[in-house]
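*Asks:* Just dropping this structure here.
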Amino acid sequence: MFIAVTFLAQIYNSMKNKILSLFLLMFLVAGISSCKKSEEKETPCSVAWATELSDELNAMAAAAQTFATNPTSANCNAYKQAAQAYLNALRPYGDCTLLTGQDRVVWQNAIDDAQESLDDMEC
81 MFIAVTFLAQ IYNSMKNKIL SLFLLMFLVA GISSCKKSEE KETPCSVAWA TELSDELNAM
141 AAAAQTFATN PTSANCNAYK QAAQAYLNAL RPYGDCTLLT GQDRVVWQNA IDDAQESLDD
201 MEC
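So the number in the numbering used here is just where the residue sits in the sequence shown, counting from 1, plus 80.
Structure follows, in structure tokens:
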């Protein structure tokens, strides 16, 4: 019984760190994606990205909360799918023309780290 509890605690701590990483990514993107929408190009590039991605963000937050309170395989998979949808929705914002230099590198590294965390997550 103790081993099972310890194992579940390790899984919970691992998932908690991954969830935290994704939320940190969300705040990082908020700070560096403050460019204006291009009139020539239909690339997402606005300061209202959180509003534009609110459906994906809310779905990810709800799935994360559900998984944190009830860490089943089904809830884990639902969380992974919601997080992947959010990450996929964020990717086009990397094409913002005002996101340059070190900001672009930091943004891309955050996207890559989040994708790696999702890929490493086992349900």
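Here a beta-carbon is modelled for each residue, glycine too, at the ideal position from N, C-alpha and C. Computed from a predicted model, the values in this text were never measured in an experiment.
#1: Under 7 Å between the Cβ atoms of methionine 140 and tyrosine 166?
#2: With DSSP as the reference, label methionine 140 as helix, strand or coil.
#3: For the alpha helix (DSSP H) containing leucine 198, name the first residue and the last one.
#4: Which residue wins for smallest C-alpha separation from aspartate 199, given the options Pro151, Phe147, Tyr173 and Cys156?
#5: The alpha helix (DSSP H) that contains leucine 133, what's its start and end?
#6: Among Thr131, Leu133 and Gln164, which has the Cα closest to the Cα of alanine 144?
*Replies:* The short version:
#1: Residue mapping note: residue 140 aligns to position 60 of the sequence shown, counting from 1. Residue mapping note: residue 166 aligns to position 86 of the sequence shown, counting from 1. Yes, the pair counts as a contact, with Cβ atoms nearer than the cut-off.
#2: The residue you call residue 140 lines up with position 60 of the sequence shown. In the structure shown, methionine 140 sits in a helix (DSSP, three-state: H, G or I).
#3: Residue 198 sits at position 118 when you count from the first residue of the sequence shown. 181-200 is the extent of the alpha helix (DSSP H) around leucine 198.
#4: Here residue 199 refers to the residue found at position 119 of the sequence shown. Cα-wise, what sits closest to aspartate 199 is Cys156.
#5: Position 53 of the sequence shown, counted from the first residue, corresponds to residue 133. Element bounds for leucine 133: n/a, residue is neither H nor E.
#6: Counting from one through the sequence shown, the residue named residue 144 turns up at place 64. Here the closest residue by C-alpha is Gln164.
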